[in-house]
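First the structure, in the form of structure tokens, and then the observations on it.
2 protein chains.
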Amino acid sequence: MSGRKAQAARNDELILQAARAVFTADPGAPIAAVAEKAGVGISALYRRYPSKEALLQKLCGDGLELYIEVTERALADEGDPWEAFAGYMRGIVDADTNSLTIKLAGTFHPTEELGRSAVKAGALATEMHHRAVAAGVLRPDVTPADIALLFEQIASIKLGDEERTSQLRHRYLTLVMDSLRVPPAHRDLPGPAPEDGELSARWWQPS
Amino acid sequence: MSGRKAQAARNDELILQAARAVFTADPGAPIAAVAEKAGVGISALYRRYPSKEALLQKLCGDGLELYIEVTERALADEGDPWEAFAGYMRGIVDADTNSLTIKLAGTFHPTEELGRSAVKAGALATEMHHRAVAAGVLRPDVTPADIALLFEQIASIKLGDEERTSQLRHRYLTLVMDSLRVPPAHRDLPGPAPEDGELSARWWQPS
DNA sequence: GTGTAAGGGAACGAATAATTCCGTTCTACT
DNA sequence: AGTAGAACGGAATTATTCGTTCCCTTACAC
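These protein sequence lines map, in sequence, to chains A and B. Under full-length UniProt numbering, the first residue of the first sequence carries the number 1, and numbering increases by one thereafter. Under full-length UniProt numbering, the first residue of the second sequence carries the number 1, and numbering increases by one thereafter.
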């Protein structure tokens, strides 16, 4: 609480966090919702980003960067090949990079730099996939693009609060990993299965 | 092309088909989009349904009915238990009932009757699940609610035209079925994996 | 004290969309 | 042939939503 500059620096982060939370929950959310969530006025947003689009581009760029980081970290893992691959998958699901990247596509105009980051991210993912197949732990008829779509399917799950959502995503990640691994096998599923009430509650929620 | 009455009857169906297509593609689509897709004026819609909400309720009801039909048909299958269960899963994915039901939730106010249909649908799904587990062909740590969420994940896939989308949905259904079946095994995946171009194209599509 | 960066939030203006309304067309029946 | 009215097309209406701008206030730095 020392000085306007410190407050501003704190707001930088507050706004980004709020934007992440709001836009991952609803990619079409109004910018006022971000300001409210951050507890700041609208002009605090416009002081930092010239437009909504610029903010979305920033978020997407951060998401791609995060994706790249997680993947590079997994590529550096020299241990058990399957565990390295599985850890990578869990890492991407945890980071929820899909909600910050492809799910936002269409709400803004992608920049050249975003394109370059996306290419790099794709290359790293392919490398990760290649390694697991070469080590004989990942079924070879699944391609890197398949993995990308599997991530999207898992990211489509949204139920209850953030923690419950994460728990369920890991549950289904574990399930699908059972059919990706060589040899296939059933492993214990983490987290409790959804309750009927959790599912039926959604009928009354405004979209 | 005989008479206004025949034309009107034809329009009944045209409008429903258009509504299904439009709202499964975008649950928040404007009603004018339905009219345009159907090739009729807006008043042709309002003559049949008092409001947008009424149309959505009708679509959802039809979707639940379809779900119930497919499930009852599968329950009537007395052949190989696994094949019956797998056929049921494929049937639901093909019918795309998820896009007409839970995906529309929040865009309208559910009626009592819809609630009853949903309960019935749930009961039938549970029966289907129970049978497969009892026959020892479905892993028992997966619950009916799990199956429901798996359907939703698969229904979240939307890539290219309708046929391509269907193809990919079956690809990932097959994949996840590998980890549902007792014993687990890898079976051939149907349909070609997504191309990189198919995935990257979405960056420019308006949401 | 005062200049100025930072911020709050009302006001503006441009969509977007549900619904209504009015004039037109075509059929069925006299 | 003439006409009542069902079925329609689509413009006009009205409400609402949102991105963006603007103006005024605050509080720190000097």
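Even glycine gets a Cβ: it sits at the ideal position worked out from N, Cα and C. Everything numeric in this text was worked out from a predicted model, so none of it was measured.
Going along chain A, which residues have a C-beta under 9 Å from residue i?
i, result
"Pro-194 of chain B", "Thr-143, Ala-145, Asp-146, Ala-148, Leu-149"
State yes or no: is the beta carbon of residue i nearer than 8 Å to at least one beta carbon in chain B?
i, result
"Arg-139 of chain A", "yes"
"Leu-168 of chain A", "yes"
"Ser-51 of chain A", "no"
"Gln-57 of chain A", "no"
"Ser-179 of chain A", "yes"
"Tyr-172 of chain A", "yes"
Pick from the options: whose alpha carbon is nearest that of residue i?
i, options, result
"Leu-149 of chain B", "B:Met-89, B:Leu-45, B:Pro-27", "B:Met-89"
"Pro-192 of chain B", "B:Trp-204, B:Leu-168, B:Thr-174", "B:Leu-168"
"Ser-134 of chain B", "B:Ser-99, B:Trp-82, B:Ile-42", "In the sequence as displayed, the identity of residue 134 of chain B is Ala instead of Ser. Comparing Cα positions, the closest option is B:Trp-82."
"Ile-157 of chain B", "B:Ala-125, B:Arg-202, B:Arg-20", "B:Arg-202"
"His-29 of chain A", "A:Ser-117, A:Arg-139, A:Lys-103", "It should be noted that the sequence gives Ala, not His, for residue 29 of chain A. Closest option to Ala-29 of chain A, Cα to Cα, is A:Lys-103."
"Gly-87 of chain B", "B:Thr-71, B:Leu-100, B:Ser-99, B:Thr-101", "B:Thr-71"
"Tyr-49 of chain A", "A:Glu-69, A:Ala-21, A:Leu-16", "A:Leu-16"
"Asp-96 of chain B", "B:Leu-64, B:Ile-42, B:Lys-120, B:Arg-187", "B:Leu-64"
"Leu-100 of chain B", "B:Ile-154, B:Asp-62, B:Lys-120", "B:Asp-62"
"Phe-23 of chain A", "A:Val-93, A:Ala-105, A:Gly-39", "A:Ala-105"
"Leu-55 of chain B", "B:Ala-84, B:Thr-107, B:Leu-75", "B:Thr-107"
"Asn-11 of chain B", "B:Val-34, B:Val-40, B:Asp-26", "B:Val-40"
"Ala-123 of chain B", "B:Pro-206, B:Glu-36, B:Glu-53, B:Tyr-67", "B:Tyr-67"
"Glu-53 of chain A", "A:Ala-18, A:Arg-116, A:Glu-127, A:Thr-111", "A:Thr-111"
"Arg-171 of chain B", "A:Glu-198, A:Val-142, A:Glu-195, A:Arg-187", "A:Val-142"
"Met-128 of chain A", "A:His-109, A:Ser-117, A:Glu-78, A:Asp-94", "A:Glu-78"
"Tyr-46 of chain B", "B:Leu-59, B:Leu-138, B:Ile-31", "B:Ile-31"
"Gln-57 of chain B", "B:Ala-19, B:Asp-94, B:Pro-206, B:Asp-178", "B:Ala-19"
"Ala-125 of chain A", "A:Gly-91, A:Val-34, A:Gly-136", "A:Gly-91"
"Gly-197 of chain B", "A:Leu-75, A:His-186, A:Ala-155, A:Pro-144", "A:Pro-144"
For a cutoff of 8 Å on Cβ pairs, would you count residue i as touching chain A?
i, result
"Val-176 of chain B", "yes"
"Met-1 of chain B", "In this predicted model, Met-1 of chain B has a pLDDT of only 45, less than 50, meaning its place in the structure is not dependable enough to derive any value."
"Pro-184 of chain B", "yes"
"Gln-205 of chain B", "yes"
"Val-202 of chain B", "The question names Val, yet the displayed sequence has Arg at residue 202 of chain B. True, the Cβ-Cβ gap to chain A drops below 8 Å."
"Ser-117 of chain B", "no"
How would you list, in chain order, the residues of chain A whose beta-carbon sits under 7 Å from the beta-carbon of residue i?
i, result
"Leu-199 of chain B", "Ala-145, Ala-148"
Quick one: list the residues of chain B neighbouring residue i, beta-carbon separation under 7 Å, in chain order.
i, result
"Leu-189 of chain A", "Asp-141"
Can residue i be considered in contact with the ligand FAD, in the sense that its beta carbon sits closer than 7 Å to one or more heavy atoms?
i, result
"Lys-158 of chain B", "By its list of ligands, the structure shown contains no ligand whatsoever, and the ligand FAD lies outside what it can speak to."
By the criterion of Cβ-Cβ separation under 8 Å, what are the contact partners of residue i in chain A?
i, result
"Arg-164 of chain B", "Chain A residues near Arg-164 of chain B: none, gap ~12 Å exceeds 8 Å."
"Ser-156 of chain B", "Glu-152, Gln-153, Ser-156"
> In chain order, which beta strand (DSSP E) runs of at least 3 residues are fully inside the segment 46–108 of chain B?
Replying inline: For the segment 46–108 of chain B, not a single whole beta strand (DSSP E) run of length 3 or above is found.
> Using Cβ-Cβ distances below 7 Å, what residues of the segment 92–109 of chain B are close to chain A?
Replying inline: Within the segment 92–109 of chain B, the qualifying residues are Ile-102, Ala-105, Gly-106, Thr-107.
> For the segment 70–93 of chain A, which residues have a CB atom closer than 8 Å to at least one CB atom of chain B, in sequence order?
Replying inline: Cβ contacts with chain B come from no residue of the segment 70–93 of chain A.
>> As an exercise, report each continuous alpha helix (DSSP H) stretch of at least 4 residues that is fully enclosed by the segment 127–160 of chain A, in chain order.
In response: The segment 127–160 of chain A contains these whole alpha helix (DSSP H) runs: 144–155.
> Whole alpha helix (DSSP H) runs in the UniProt region "Disordered" (183–207) of chain B with 4 or more residues, listed along the chain?
Replying inline: Here the runs fully enclosed are 196–200.
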